[in-house]
Amino acid sequence: MFQVRVMSVEEYGFAVDLANGMNWSMSFEDFRFSQFLEPDGCFVLFDDSVPVGVATCVSFGRVGWFGNFVVKPECRGRGGGRFLLRHVVDYLLGRGVETVGLYAYLHLRDFYGEFGFKADLGLSVMYNDHVQVDGLVCSDLVLESCVDFAGLSCFDSEFFGGDRSRLLRGVFSGRGNFCYVFREGQVVVGYVLVKVPIDSEVGVVEVGPLVCCCDRLDVVLELLKAVLLRLSGRRVFLYLFEGQGVVEEFLLGLGFRKEFSLLRMFLGDSKIQKGMCLAESLERG
26 MFQVRVMSVE EYGFAVDLAN GMNWSMSFED FRFSQFLEPD GCFVLFDDSV
76 PVGVATCVSF GRVGWFGNFV VKPECRGRGG GRFLLRHVVD YLLGRGVETV
126 GLYAYLHLRD FYGEFGFKAD LGLSVMYNDH VQVDGLVCSD LVLESCVDFA
176 GLSCFDSEFF GGDRSRLLRG VFSGRGNFCY VFREGQVVVG YVLVKVPIDS
226 EVGVVEVGPL VCCCDRLDVV LELLKAVLLR LSGRRVFLYL FEGQGVVEEF
276 LLGLGFRKEF SLLRMFLGDS KIQKGMCLAE SLERG
């Protein structure tokens, strides 16, 4: 019989091993951060007393996000994944969430569709194993070492549709992580957060979220230039929403390549507005 329990710290090892069986490169710290954001939102699926699956989620007020969903291969097709998904959705709705989002592998579109999730927008996972920035120049953007998170979170929520202040603060507080904010006078026009792994010499950097007023392509490119100049020689992942041909061409010209594509899906009406250029992560939106 299937049952779901909130993940304990002692189960992080199981969660990491299961997730990395999917080549997700997860760590104990990733699950610790997930529980920092949503203490009761990390789950383990059991078949009787045997752990066979994990899932994480986070609520941002009206918007919730579902991620890190994996069940042992030998247990698939027996209803455990559906049992776990329903549990997570019920949890988020119980938290007052109106819309649940996720990023789906393309072959799982129909699976999520069974639960009422509807396709919204494509997403390309892009990777560069050695960023080259020869000849790249940008404006004199200021690296924000002391971010006005009240103002930044307010700006972000206009586009995301939910309150990500706890997430943004948590990301920025990580050792080595940094933020660029593009302002005109005192008005925020766009920003980008960059996550540098604790093992900064060999780990892969994640760039995102990048949020910008939707008609300011010039600002998007300036933010990316500033970040990539700082990350010269590093390995970098980013998650680019479709419909941004100029940005994609710019990244491809710098040696980025598309690893694979995903589909953003929503249960309920999307709260996201144009201006979301890069996702924060695949598990948190």
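Mapped onto my numbering, the consecutive letters of the sequence shown carry residue numbers 26 to 310. Note that CB positions come from ideal geometry on N, CA and C, so glycine has one too.
According to the neighbour-count rule (16 or more other Cβ atoms, all chains shown, within 10 Å of its Cβ), is residue i buried or exposed?
| i | result |
| --- | --- |
| Cys179 | exposed |
| Pro234 | buried |
| Glu284 | exposed |
| Leu307 | buried |
| Phe56 | buried |
| Pro98 | exposed |
| Tyr130 | exposed |
| Glu35 | exposed |
| Arg200 | exposed |
| Lys143 | exposed |
| Cys239 | exposed |
| Leu117 | buried |
| Ser59 | buried |
| Phe184 | buried |
| Ser149 | buried |
| Glu305 | buried |
Taking DSSP as the reference, what is the three-state secondary structure of residue i?
| i | result |
| --- | --- |
| Gly92 | strand |
| Ser190 | helix |
| Glu231 | strand |
| Pro76 | strand |
| Cys238 | coil |
| Phe285 | strand |
| Glu247 | helix |
| Val217 | strand |
| Leu279 | coil |
| Arg111 | helix |
| Val150 | strand |
| Cys100 | helix |
| Arg200 | coil |
| Val41 | helix |
| Cys67 | strand |
| Gln28 | strand |
| Leu307 | coil |
| Leu263 | strand |
| His132 | helix |
| Gln60 | helix |
| Val252 | helix |
| Asp181 | helix |
| Glu139 | coil |
| Val34 | helix |
| Gly176 | helix |
| Gly258 | coil |
| Val156 | coil |
| Val122 | coil |
By Cβ distance below 6 Å, which residues in the same chain neighbour residue i in space, the five residues on each side in sequence not counted?
| i | result |
| --- | --- |
| Pro76 | Phe39 and Val69 |
| Val158 | Leu253, Leu254 and Ser257 |
| Arg189 | Phe85 and Asp181 |
| Phe262 | Tyr152, Val229 and Glu231 |
Looking only at its own chain, which residues have a Cβ that is under 7 Å from the Cβ of residue i, when we skip the five neighbours before and after it?
| i | result |
| --- | --- |
| Val271 | Leu242 |
| His112 | Val29 and Phe68 |
| Phe197 | Val172, Cys204 and Leu218 |
| Val213 | Gly176, Leu177, Phe180 and Val206 |
Could you say which of the options lies nearest to residue i if we only look at CA atoms?
| i | options | result |
| --- | --- | --- |
| Gly86 | Val31, Phe197 and Val125 | Val125 |
| Gly46 | Asp73, Val95, Gln28 and Ala80 | Val95 |
| Arg30 | Asn202, Lys143 and Thr81 | Thr81 |
| Gly106 | Gly78, Gly199 and Gly121 | Gly78 |
| Phe108 | Asp72, Leu263 and Leu148 | Asp72 |
| Arg208 | Val88, Val245, Leu193 and Leu288 | Val245 |
| Tyr152 | Arg194, Leu276, Asn202 and Leu62 | Leu276 |
| Ser74 | Trp49, His155 and Phe27 | Phe27 |
| Arg191 | Phe185, Leu62, Glu274 and Phe58 | Leu62 |
| Gly121 | Arg101, Val156 and Gly187 | Gly187 |
| Arg282 | Gly268, Tyr264 and Met290 | Tyr264 |
| Pro64 | Ser52, Val83, Met51 and Phe53 | Val83 |
| Asn93 | Glu274, Ser52, His155 and Gln269 | Ser52 |
On the DSSP bridge list, what partners appear for residue i?
| i | result |
| --- | --- |
| Val83 | Trp90 |
| Val206 | Tyr216 |
| Met290 | Leu127 and Ala144 |
| Met301 | Val236 |
| Tyr116 | According to DSSP, which records beta bridges pairwise, Tyr116 is partnered with nothing at all. |
| Phe325 | Nothing about residue 325 can be reported from this structure: the residues present for the chain run from 26 to 310 only. |
Might you give, ordered along the chain, the residues of its own chain that have their beta carbon closer than 8 Å to the beta carbon of residue i, omitting 5 neighbours on each side?
| i | result |
| --- | --- |
| Val114 | Phe91, Val125, Phe140 and Leu292 |
| Leu161 | Lys250, Leu253, Leu254 and Leu279 |
| Leu248 | Leu166, Tyr205, Phe207, Gly215, Tyr216, Val217, Leu235 and Cys237 |
| Glu123 | Arg87, Val88, Gly293, Asp294 and Lys296 |
| His155 | Gly258, Arg259, Arg260 and Gly280 |
How about residue i: is its Cβ closer than 7 Å to a heavy atom in the ligand ZN?
| i | result |
| --- | --- |
| Gln211 | Only the bare structure without any ligand can be found here, which leaves the ligand ZN out of the picture. |
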